[in-house]
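Going by full-length UniProt numbering, the sequence shown opens with residue 1, and the numbers climb by one from there.
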Amino acid sequence: STMFKVAGALFAYGIFVGIFVLICHIRRAFESINIQQYTNRGNAIRNSYVQVQTEITPSSILAVQENTLGIESTNKEPTQPINERAEKLPYNPAFEIQPNNLDTFNRKLGKGKFGIINKGLLTLRICKTNEVVQVNVAVKKMVDPTDEKQDKLIYDEIKLMCAIGKHPNVLAIVGAITKKEKVSGREYNQAVSEFIEG
(Lines of atoms letter the chains of each structure in order from A and count residues from 1; the text may use other names and numbers.)
(Lines give C-alpha, C1' and ligand atoms only; values in the text may rest on other atoms or scores of the structure.)
Protein backbone atom coordinates (compact mmCIF):
# COMPACT_ATOMS: atom_id res chain seq x y z
CA SER A 1 0.00 0.00 0.00
CA THR A 2 2.93 2.36 0.65
CA MET A 3 4.25 1.42 -2.73
CA PHE A 4 0.90 2.42 -4.33
CA LYS A 5 1.00 5.73 -2.47
CA VAL A 6 4.55 6.44 -3.74
CA ALA A 7 3.62 5.35 -7.29
CA GLY A 8 0.47 7.51 -7.16
CA ALA A 9 2.47 10.49 -5.89
CA LEU A 10 5.09 10.02 -8.63
CA PHE A 11 2.35 9.66 -11.23
CA ALA A 12 0.62 12.84 -10.00
CA TYR A 13 3.99 14.63 -9.92
CA GLY A 14 4.72 13.45 -13.49
CA ILE A 15 1.34 14.70 -14.70
CA PHE A 16 1.92 18.04 -12.92
CA VAL A 17 5.39 18.41 -14.54
CA GLY A 18 3.96 17.40 -17.92
CA ILE A 19 1.18 19.99 -17.68
CA PHE A 20 3.71 22.63 -16.56
CA VAL A 21 6.02 21.84 -19.51
CA LEU A 22 3.04 21.89 -21.89
CA ILE A 23 1.90 25.29 -20.57
CA CYS A 24 5.47 26.66 -20.97
CA HIS A 25 5.64 25.43 -24.58
CA ILE A 26 2.24 26.89 -25.43
CA ARG A 27 3.18 30.22 -23.83
CA ARG A 28 6.51 30.33 -25.71
CA ALA A 29 4.71 29.52 -28.97
CA PHE A 30 2.22 32.39 -28.44
CA GLU A 31 5.05 34.81 -27.58
CA SER A 32 6.91 33.72 -30.69
CA ILE A 33 3.79 34.28 -32.83
CA ASN A 34 3.21 37.73 -31.27
CA ILE A 35 6.85 38.73 -31.79
CA GLN A 36 6.71 37.52 -35.40
CA GLN A 37 3.46 39.43 -36.05
CA TYR A 38 4.96 42.58 -34.49
CA THR A 39 8.14 42.16 -36.55
CA ASN A 40 6.14 41.55 -39.74
CA ARG A 41 3.98 44.62 -39.06
CA GLY A 42 7.09 46.74 -38.44
CA ASN A 43 8.73 45.42 -41.61
CA ALA A 44 5.57 46.11 -43.62
CA ILE A 45 5.47 49.69 -42.35
CA ARG A 46 9.18 50.19 -43.06
CA ASN A 47 8.87 48.60 -46.51
CA SER A 48 5.87 50.74 -47.44
CA TYR A 49 7.77 53.85 -46.27
CA VAL A 50 10.80 52.89 -48.34
CA GLN A 51 8.55 52.17 -51.33
CA VAL A 52 6.89 55.58 -51.04
CA GLN A 53 10.32 57.21 -50.79
CA THR A 54 11.86 55.44 -53.78
CA GLU A 55 9.07 54.43 -56.15
CA ILE A 56 6.81 57.17 -57.47
CA THR A 57 4.26 55.90 -59.95
CA PRO A 58 1.01 57.38 -61.28
CA SER A 59 -0.96 55.06 -58.99
CA SER A 60 1.07 56.10 -55.91
CA ILE A 61 0.46 59.77 -56.75
CA LEU A 62 -3.28 59.08 -57.08
CA ALA A 63 -3.23 57.21 -53.75
CA VAL A 64 -1.56 60.16 -52.01
CA GLN A 65 -4.06 62.58 -53.57
CA GLU A 66 -7.00 60.41 -52.50
CA ASN A 67 -5.68 60.05 -48.94
CA THR A 68 -4.49 63.61 -48.32
CA LEU A 69 -6.66 65.78 -50.53
CA GLY A 70 -9.84 63.72 -50.53
CA ILE A 71 -9.72 63.53 -54.33
CA GLU A 72 -11.51 60.46 -55.60
CA SER A 73 -10.37 58.94 -58.83
CA THR A 74 -12.13 56.42 -61.03
CA ASN A 75 -8.87 55.53 -62.81
CA LYS A 76 -6.18 53.91 -60.69
CA GLU A 77 -3.73 54.06 -63.61
CA PRO A 78 -4.08 57.20 -65.74
CA THR A 79 -4.93 56.28 -69.30
CA GLN A 80 -5.58 59.74 -70.72
CA PRO A 81 -2.88 61.65 -72.58
CA ILE A 82 -0.84 64.04 -70.43
CA ASN A 83 -2.56 67.10 -71.94
CA GLU A 84 -5.97 65.83 -70.77
CA ARG A 85 -4.64 65.13 -67.28
CA ALA A 86 -3.08 68.63 -67.13
CA GLU A 87 -6.59 70.10 -67.27
CA LYS A 88 -7.29 68.60 -63.85
CA LEU A 89 -4.14 69.99 -62.22
CA PRO A 90 -4.60 73.04 -59.98
CA TYR A 91 -2.72 76.27 -60.68
CA ASN A 92 -0.49 77.44 -57.83
CA PRO A 93 -1.12 81.21 -57.43
CA ALA A 94 2.26 81.57 -55.69
CA PHE A 95 3.77 81.55 -59.21
CA GLU A 96 1.75 84.60 -60.33
CA ILE A 97 3.85 87.53 -61.59
CA GLN A 98 2.69 91.13 -61.80
CA PRO A 99 2.72 92.15 -65.49
CA ASN A 100 4.59 95.40 -64.74
CA ASN A 101 7.53 93.34 -63.33
CA LEU A 102 8.11 91.60 -66.68
CA ASP A 103 9.57 93.16 -69.82
CA THR A 104 9.33 90.98 -72.93
CA PHE A 105 11.73 91.71 -75.79
CA ASN A 106 11.35 91.10 -79.52
CA ARG A 107 14.29 88.66 -79.46
CA LYS A 108 12.68 85.35 -80.42
CA LEU A 109 14.27 82.30 -78.76
CA GLY A 110 12.03 79.69 -80.34
CA LYS A 111 8.67 78.86 -81.82
CA GLY A 112 6.46 75.80 -81.67
CA LYS A 113 3.07 74.78 -83.01
CA PHE A 114 1.11 76.81 -80.47
CA GLY A 115 3.70 78.88 -78.61
CA ILE A 116 6.37 81.46 -79.27
CA ILE A 117 9.24 82.07 -76.83
CA ASN A 118 10.87 85.45 -76.41
CA LYS A 119 13.61 86.67 -74.09
CA GLY A 120 12.37 88.66 -71.12
CA LEU A 121 13.65 90.54 -68.09
CA LEU A 122 11.94 89.89 -64.76
CA THR A 123 12.30 92.32 -61.86
CA LEU A 124 12.29 90.62 -58.45
CA ARG A 125 12.67 91.76 -54.87
CA ILE A 126 14.75 89.50 -52.58
CA CYS A 127 12.79 89.19 -49.33
CA LYS A 128 15.76 88.79 -46.94
CA THR A 129 17.75 91.79 -48.19
CA ASN A 130 14.95 93.82 -49.82
CA GLU A 131 17.29 94.13 -52.82
CA VAL A 132 15.79 94.51 -56.29
CA VAL A 133 17.34 92.29 -58.98
CA GLN A 134 16.65 91.68 -62.64
CA VAL A 135 16.78 88.19 -64.08
CA ASN A 136 16.84 87.05 -67.72
CA VAL A 137 13.91 84.73 -68.42
CA ALA A 138 12.20 82.96 -71.32
CA VAL A 139 8.59 84.04 -71.88
CA LYS A 140 6.21 81.73 -73.73
CA LYS A 141 2.94 83.00 -75.15
CA MET A 142 0.59 81.83 -77.87
CA VAL A 143 1.43 82.26 -81.56
CA ASP A 144 -2.06 83.48 -82.46
CA PRO A 145 -3.42 85.93 -79.84
CA THR A 146 -7.00 85.22 -80.99
CA ASP A 147 -6.82 81.41 -80.63
CA GLU A 148 -8.43 80.34 -77.33
CA LYS A 149 -7.22 76.75 -77.80
CA GLN A 150 -3.58 77.88 -77.90
CA ASP A 151 -4.16 80.04 -74.82
CA LYS A 152 -5.61 77.05 -72.96
CA LEU A 153 -2.63 74.89 -73.97
CA ILE A 154 -0.25 77.51 -72.53
CA TYR A 155 -2.28 77.55 -69.30
CA ASP A 156 -2.21 73.74 -69.07
CA GLU A 157 1.56 73.85 -69.62
CA ILE A 158 1.89 76.40 -66.79
CA LYS A 159 -0.03 74.10 -64.42
CA LEU A 160 2.08 71.11 -65.46
CA MET A 161 5.33 73.02 -64.93
CA CYS A 162 4.10 74.16 -61.49
CA ALA A 163 3.42 70.51 -60.61
CA ILE A 164 6.87 69.38 -61.81
CA GLY A 165 8.76 72.13 -59.97
CA LYS A 166 12.55 71.75 -60.06
CA HIS A 167 13.85 68.84 -62.13
CA PRO A 168 17.34 68.41 -63.60
CA ASN A 169 15.98 67.62 -67.08
CA VAL A 170 13.31 70.32 -67.31
CA LEU A 171 13.60 74.11 -67.46
CA ALA A 172 12.03 75.28 -64.21
CA ILE A 173 9.09 77.63 -64.19
CA VAL A 174 9.92 80.99 -62.64
CA GLY A 175 6.37 82.26 -62.72
CA ALA A 176 3.37 83.00 -64.89
CA ILE A 177 1.01 85.73 -65.91
CA THR A 178 -2.44 84.19 -66.11
CA LYS A 179 -5.35 85.50 -68.11
CA LYS A 180 -7.90 87.68 -66.41
CA GLU A 181 -10.67 89.22 -68.49
CA LYS A 182 -10.44 92.97 -69.05
CA VAL A 183 -7.23 93.39 -67.00
CA SER A 184 -4.46 95.25 -68.81
CA GLY A 185 -1.36 93.08 -69.24
CA ARG A 186 -3.37 89.90 -68.60
CA GLU A 187 -5.10 89.47 -71.95
CA TYR A 188 -3.56 86.00 -72.41
CA ASN A 189 -1.53 83.42 -70.47
CA GLN A 190 2.26 83.62 -70.40
CA ALA A 191 4.68 81.04 -68.97
CA VAL A 192 7.92 82.46 -67.57
CA SER A 193 10.77 79.97 -67.24
CA GLU A 194 14.52 79.86 -66.69
CA PHE A 195 16.62 81.41 -69.44
CA ILE A 196 19.53 79.35 -70.78
CA GLU A 197 22.02 81.24 -72.95
CA GLY A 198 23.14 79.51 -76.11
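Quick reminder that beta carbons are idealized off the backbone N, C-alpha and C, glycines included. What you are looking at is a predicted structure, and each value in this text was computed from that prediction instead of being measured.
Cross-strand partners of residue i (DSSP beta bridge)
i    : result
A176 : E96, A191
M142 : G115
R125 : V132
G110 : I117
V137 : G120, E194
V183 : For V183, which the question treats as bridged, DSSP gives no partner whatsoever.
Residue i - containing alpha helix (DSSP H), residue span
i    : result
K88  : Unbroken run through K88: none, as it is neither H nor E.
C162 : 148 to 164
Helix, strand or coil at residue i [DSSP, three-state]
i    : result
R27  : helix
V132 : strand
V17  : helix
V6   : helix
L102 : strand
H167 : strand
L62  : Any reading at L62 must be qualified, since the residue scores a pLDDT of 49, below 50, and its modelled position is unreliable; the value itself is stated next. In the structure shown, L62 sits in a helix (DSSP, three-state: H, G or I).
Short Cβ contact (7 Å threshold) for residue i with residue j
i    : j    : result
I177 : P99  : yes
V192 : G175 : yes
V139 : Q190 : yes
D103 : L121 : yes
F95  : V137 : no
L153 : F114 : yes
Q150 : M142 : yes
T123 : N101 : yes
K108 : N118 : yes
D144 : A86  : no
L89  : A172 : no
Y188 : K180 : no
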